[in-house]
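What follows is a set of notes on a single structure, which appears directly below.
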Amino acid sequence: MGKIRPIKKYSYYQKTAHGGFIATKLNYAIGWGRKFSIFHYPFITACCGMEYMSAACAHWDFDRFGVGMTTFSPRQSDLLFVVGTITHKEAPVLKTVYDQMVEPNWVIACGACAVSGGIYDNYAVVQGIDRIIPVDVYIPGCPPRPETILNALLKLQDKIQKQKQDLRWKIIKE
Amino acid sequence: MTHRIQKEAKKESLLINMGPSHPAMHGTIRIMLELDGEKVRNAELEVGYLHRGFEKTCENKTYFSLLPYTDRLNYVSPLINNVGYVMTIEKLMDIKVPDRAQYIRVIMSELSRISDHLTALAAMTMECGAFTVFLYYIKAREEIWNVIEKTTGARMTTSYIRIGGVRTDLHPDFKTDVKKAMKVTREVLKDVKGLLDKNKIWIDRTRDVAVVSPEMAVNYGFTGPCLRASGVKYDVRKAHPYLVYDQMDFIVPLGEKGDNYDRYMVRMKEMEQSLRIVEQCIEKMKESPPEVKGEIEPAEAIKMSRTKKPDQKIKLSPNLKGSEKDKYPGILTDSEGVKVPPKEDTYTNMEGLIKHFKFFMKGHGIRPPKGEVYFSVEGGSGELGYYIVSDGTDRPYRLHLRGPCFHIVSALEEMIKGHYIADVIPTFGSTNMIGGELDR
Amino acid sequence: MENNQGIKETLNKKFKDKILSAKESLNDIIIQVKKEDIFEILKFLKDKPQGYSMLLDLTCVDYRGKRPRFEMVYHVFSLSKNHRLRIKCGVMESDLEIQSVSKMWKNANWLEREVYDMFGIQFIGHPDLRRLFMYDGFEGHPLRKDYPLRKRQPKIRLRK
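Residue numbers (my numbering), protein chains in the order written: chain A, 262 to 435; chain U, 597 to 1036; chain X, 54 to 213.
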């Protein structure tokens, strides 16, 4: 039974915990919420898919960054993760999937083939998916190491936080 | 445009499309099904969504610069594709490979084969719902890729096997690293055996589904684990031995019925046999020559070589470690004109510079004699064969790949007829379709 | 290993003038025939006692500038005798048709579709001859020597 030391000074946390408030911009706060809960759609075609699998599993987990939920429905996803080579036969499929996604959405092009066609410069391969859909983050590498994919996700999270947020409940006077 | 299945379908059945972008982890393929309730009445496959023009690209590249394209064919076991291509050229030009390089090639092939089976089974079981097996197998695969990365420099697409041998010698701690990777793989295999082998749910889902009789398998041109699961004993490593496989002691596991469960069991047993082969190779391989420390810096050696040839050993930069001149007799052949000369020679004397220049110059370099050749190795899914027609110049006239998955997937339409729609996924997973090999 | 050296003599005895040449290079036996006789010779090889029961590969090579322009190459394999054989026949550019072997081996179905897609050779008797790798609406046959490597035919309109 010892003496209970009285709390002499209030620390910052204790001051705010008793009904305090945080001051920030609405844009920033909504971005904070959006960047840590991303549902992604992995559009996997080729070899980079192996490195995506490595990045998703226990060694280099990307679930700890909030990107863990994999959905296979474009209507319910925020991030289109294009992994692998896109050929001209596959291009309409990619465009259909992208058109089905709802705003706000983002696209990451993973691997050299998705960024610019890679080592394949011939009759069958699209030279970069930005000829079909707009891209936010480009990941170079053939295949990129899992750490590169994680770095790209962090850059995307920075972008999401800082961009002008899309607030659908604004009433727009036409 | 109407597909064949739309023309043949009855009016009351339901047509379902498992489109090119789908949750199965294998690759882009389109499966169209005609359903009667839940039973599959008819099926049609559409392939070609990953056709990257490999064969046409190879006609425009020299024999040496098309090596990275071969890595990306069967991208789960990349070193085996490299070995197949390089051995075809060696058969055409009659090149002898030193012993140590042959053992290194066998070790790398078997590690790739283990990684192929791990990925195939991980994807197959995850799609059936056993998510833990996927995580365990990818953990074992990371250890193996770690070992490959320390020697070759890259985890997946390595371009390590060169014409006449390999690029660099094994790294100094190879034995301890490989033993650790094998220990982790054995533990993981034991765990998954306990999880799945006698599991009632797994047996109910995979036993007696998509049975392939031996006659049907041979008629369709099956090779590899899918053929051995039907009971036919054919393994390229035993039938036409190449490298040092005739000195290795391993058995070829066979299945009984040819259903999905047998294809799973054959792959599990083959992984144990591959581990045995790697152990035997490490014991039989001779020690590499001891490392001699370099004495003079490269810049100093180049300056000295203007007047006389430097006698002392030259220090090379760290990313050329393993390919020093005194390691060359163990890892590369003696034939001239097919290998990159050692850097010590290139920068300090005239002959080395000329050889280096001629190797890479357009129109010179590796020029096999006129003719054609076919050679095959045992890939992860079966007999991987290369057919090369050469017209005497430095580019191949025609290069054709016999991809094993092509023949196995062409049988998929018949394999899933009459089964339920939920059986399509494990069947498709057990064929181990790899998009890069199917569509080239 | 390879232990069916008598196959050359057997074929020469049975089809005397149909075999144009039978030679051996780099441990492979290569047999050259005319395209009208290819079905008969392959059927003879597939039945017992020859027993070449597996069709390993079926492909085509374009020798532009030579006559015949295309050359079909068949690789067959016998499991019981553990022996591989290569059979070739020439196809003229003016008459791009050849008998299909899809009734004998089922994987020839897709292999012949691939050759039709890449080279344009028609197979008589094939149940469903259409393109395999390239999409509907693609004009031309890519692996011919006169098709340029980078001639693209995009299926949807590209942005840039």
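Idealized CB from N, CA, C, for every residue including glycine.
M628/U is bridged by DSSP to N613/U, E640/U. Annotation: the continuous beta strand (DSSP E) that includes G967/U extends over 967–974. In this chain, the alpha helix (DSSP H) harbouring G948/U covers 946–956. Nearest to Y1016/U by alpha-carbon distance, out of Y830/U, G999/U, D804/U, is D804/U. The shortest CA-to-CA distance from F971/U to any of P992/U, H952/U, H996/U, T989/U is the one to H996/U.
Between I676/U and L980/U, the C-beta spacing is below 8 Å. Y816/U is positioned such that its CB atom lies closer than 8 Å to that of H1003/U. In the three-state reduction of the DSSP assignment, S711/U falls in the helix class.
Contact between the segment 954–969 of chain U and the segment 640–656 of chain U is absent: fewer than 3 CB-CB pairs across the two stretches fall below 8 Å.
In this structure, the alpha-carbon of C142/X lies about 51 Å from that of A726/U. For K735/U, the neighbours in chain A by C-beta distance under 8 Å run, in chain order, C318, A319, H320.
Under DSSP, E77/X forms a beta bridge with I82/X.
Assigned with DSSP and collapsed to three states, E868/U falls in helix.
Contact of N412/A with chain X is not assigned, every C-beta pair being separated by 8 Å or more. The three-state secondary structure of Q175/X, taken from DSSP, is strand. Note that the C-beta distance between I390/A and V343/A is below 8 Å.
In this structure, G292/A sits away from I410/A, with a CB-CB distance that is not shorter than 8 Å. Not one beta carbon of chain A lies nearer than 8 Å to the beta carbon of I94/X. The beta-carbon separation of S977/U and C1001/U, rounded to 5 Å, stays under the 8 Å limit for a contact. Spatial neighbours of M881/U in its own chain (CB-CB distance under 6 Å, excluding positions within 5 residues in sequence) are listed in chain order as Y699.
Residue contact with chain U for K356/A: absent (no Cβ-Cβ distance below 8 Å to any residue of chain U). Within 7 Å of the CB of L202/X, the CB atoms of chain A belong to N383, Y384, in sequence order along the chain. Counting every other CB atom within 10 Å of its CB across the protein chains shown gives M946/U a total below 16, marking it as exposed. For S1026/U, no beta strand (DSSP E) run applies; the uninterrupted alpha helix (DSSP H) run containing it begins and ends at 1020–1026, by DSSP. Contact with chain U is found for S106/X, since one of that chain's Cβ atoms lies less than 8 Å from the residue's Cβ.
In the displayed model, Y127/X falls within a strand according to three-state DSSP. The beta carbon of V702/U is closer than 6 Å to those of L839, V840, C877 in its chain, skipping five residues each way along the sequence. Counting only residues of its own chain and dropping the five nearest sequence neighbours on each side, A897/U has a CB closer than 7 Å to the CB of P906, I910, T944. Between the alpha carbons of K779/U and S870/U lies a distance of about 13 Å.
The shortest C-alpha to C-alpha distance from E146/X to any of K66/X, N160/X, M125/X is the one to M125/X. If only complete runs of 4 or more residues are kept, the segment 278–312 of chain A shows the alpha helix (DSSP H) at 287–296, in order along the chain. Per DSSP, the continuous beta strand (DSSP E) segment holding G981/U begins and ends at 979–986. Rounded to the nearest angstrom, the Cβ distance from I1030/U to G680/U is 14 Å, too far for a contact under 8 Å.
Of the candidates C724/U, R626/U, A895/U, G761/U, R626/U places its Cα closest to the Cα of I601/U. The segment 738–747 of chain U and the segment 68–83 of chain X do not touch, with fewer than 3 CB-CB distances between them shorter than 8 Å. Restricting attention to alpha helix (DSSP H) runs no shorter than 4 residues, the segment 348–400 of chain A encloses them at 352–361, 373–377, ordered along the chain.
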